[in-house]
Amino acid sequence: MTLTNVFSLLQIPGKIGSRIIHDDQEIFLVKKKCSLEGIPGERISLFPINGGIKNLSLKGFRYNIKNFDLEFGIGKGISNAFKNKKASITFKDGQLLCVHFKKTF
């Protein structure tokens, strides 16, 4: 998989819910909010695209946050993990690239 494949998600209209699935990874773009299902211990990494993310809130993860501004290039969104089977991501502005590693460590 290349970055070209990953960034092609930016060209697809947001209401389609496109994903890239590669081995044990699922890569998708979030615009404002999403609900996720996973197994406790599965990892997820969050990368701001086109600038930063305003008022990011995470629930159901090992490291939950509320109203956090996540800047592009800052590693604060890397290697979080599901704490519950259901989790949510919400934010006010920006686009978020998510990588869900569907394998527990």
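If you want this note's numbering, it's the position in the sequence shown, counting the first as 1, plus 37. Backbone N, C-alpha and C define an ideal beta-carbon position, used for all residues, glycine too. All values derive from a computational prediction rather than experimental measurement.
- Secondary structure at Gly112: helix, using DSSP grouped into helix, strand and coil.
- When secondary structure is reduced to three states using DSSP, Gly88 falls in the strand class.
- Contact annotation: Lys122 and Ile76 have beta-carbon atoms nearer than 9 Å.
- Annotated three-state conformation of Asp60 is coil, per DSSP.
- Boundaries for Lys68: no beta strand (DSSP E) harbours it, and the DSSP string shows neither H nor E there.
- Contact fails between the segment 57-74 and the segment 99-118, because fewer than three Cβ pairs, one in each stretch, are under 8 Å apart.
- Between Lys120 and Arg99, the gap from beta carbon to beta carbon is short of 9 Å.
- Distance check between Ile115 and each of Ser55, Pro85, Lys96 places Pro85 closest, using alpha-carbon atoms only.
- Between Leu107 and Gly78, the C-beta spacing is not below 9 Å.
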